[in-house]
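Notes for the one structure printed next.
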Amino acid sequence: MKISIFKSQQQLAAALAGRIVRKLREEPRLVLGLATGRTPLPLYHALVSRHRKGETDYSHATTFNLDEFVGVEPAHPGSYRSYMREHLFRHVNLNAKRTHFLDGRAEDLDAECDRFEESILRAGGIDLQILGIGCNGHIGFNEPAAELLPWSHRVKLTLASRKANAGFFDGELRKVPKEALSMGVATILHARQIVLMATGPQKAEIVAKTVTGPIATRVPASLLQLHNDVEILLDEAAAADLRRAGLVGRRRGRLHER
Ligand code: PGA
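Below, the structure is given as structure tokens:
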């Protein structure tokens with residue numbers, strides 16, 4: 060795994076945005092896997108500002124979002140569709156037909172998951188998957204468990220994940236859906252390239268476990284160790300435990316390869 064450490068989450072976001080802008084220029088038909096949550100907000104902000112400067116054309120690009128709540132209307136402010144619309148899609152020229160979500164209101168949720176996997180295949184697979192990480196090590200909504208499901212599937216959310224999302228549901232836990240649909244770990248690992256972003260001191264411990272610990276379904280992100288093109292982008296706070304363990308150096312405040 061390649062690990063890059065930045066002084067701030069803004070610098071991290073700017074660097075990743077720069078990379079996406081370049082990739083999009085090289086490959087206008089880029090297929091991006093996108094994440095929601097607090098961590099990618101500065102990234103989307105940076106991408107929007109580069110788009111406003113006329114630096115990007117998303118008209119041929121395709122996106123697939125990692126996950127979505129079950130039973131939430133697309134227009135609900137808590138849906139991940141709303142999140143993406145608010146923070147990226149309404150500001151750039153993506154073709155709505157090429158922005159893909161798992162539909163948590165589908166009548167047959169299993170069939171919906173199959174449909175989603177097929178559309179990823181039809182798009183030629185995901186070129187670059189952006190990930191956040193939960194404090195418990197989840198990626199997408201693949202929560203720590205004795206077994207993980209490989210492909211897109213229906214999941215029961217942990218209390219921790221529901222609490223983390225309460226802010227999008229008037230701060231009321233009882234309003235947060237109990238289930239979601241999520242890409243599986245195999246869906247994620249089939250992306251050609253994966254970038255996981257983690258910022259803030261609350262992620263330091265799980266980042267160290269993800270990078271250096273054994274591969275365990277109890278730490279879903281540790282499965283990323285199996286992929287041959289993964290980069291972990293960290294701010295200093297999220298890198299603290301790795302540094303304490305002496306696993307990365309401090310060469311000009313950035314970057315390290317292990
Ligand atoms: P966060 O969520 O970015 O809001 O910390 C990350 C995640 O749960 O994947």
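Numbering (our numbering), first residue to last: 60 to 317.
The beta carbon of each residue, even a glycine, is placed where N, CA and C say it ideally should be.
Shown here, S118 sits in coil according to DSSP, grouped into three states, outside any helix or strand.
Using a cutoff of 6 Å, the CB of T246 does not count as near the ligand PGA, since none of the ligand's heavy atoms is closer than that.
The ligand PGA has a heavy atom closer than 6 Å to the beta-carbon of G191. Short note on R221: C-beta not closer than 6 Å to any heavy atom of the ligand PGA. The count of Cβ pairs closer than 8 Å, one atom from the region 210-223 and one from the region 269-287, stays below three, leaving the stretches out of contact.
Note on R221: 16 or more other CB atoms within 10 angstroms of its CB, so buried under the neighbour-count rule. Residue pairing by DSSP places Q188 opposite G92, I253 in a beta bridge.
For S108, DSSP assigns no beta-bridge partner whatsoever. Taken through DSSP and simplified to helix, strand or coil, N224 comes out as helix. Here M256 is not near G199, since their CB atoms are 7 Å or more apart.
Going by C-alpha positions, L147 is about 21 Å away from S178. In this structure, G243 has its CB at a distance of at least 6 Å from all heavy atoms of the ligand PGA. Beta-carbon to beta-carbon, F228 and G137 are separated by about 5 Å, close enough to satisfy the 8 Å threshold.
In the DSSP assignment, S178 falls within the alpha helix (DSSP H) that extends over 168-181.
H286 places its beta carbon less than 7 Å from that of I253. At the C-beta level, I64 and A225 stay beyond 7 Å of one another.
Around the beta carbon of L187, 16 or more other beta carbons sit within 10 angstroms, so the residue counts as buried. At least one heavy atom of the ligand PGA falls within 6 Å of the beta-carbon of G96. Using a Cβ distance threshold of 7 Å, R140 and F160 count as a contacting pair. With the rule of 3 Cβ pairs closer than 8 Å, the region 163-172 does not count as touching the region 67-82. Within 10 angstroms of the beta-carbon of E176 lie 16 or more other beta-carbons, which makes it buried.
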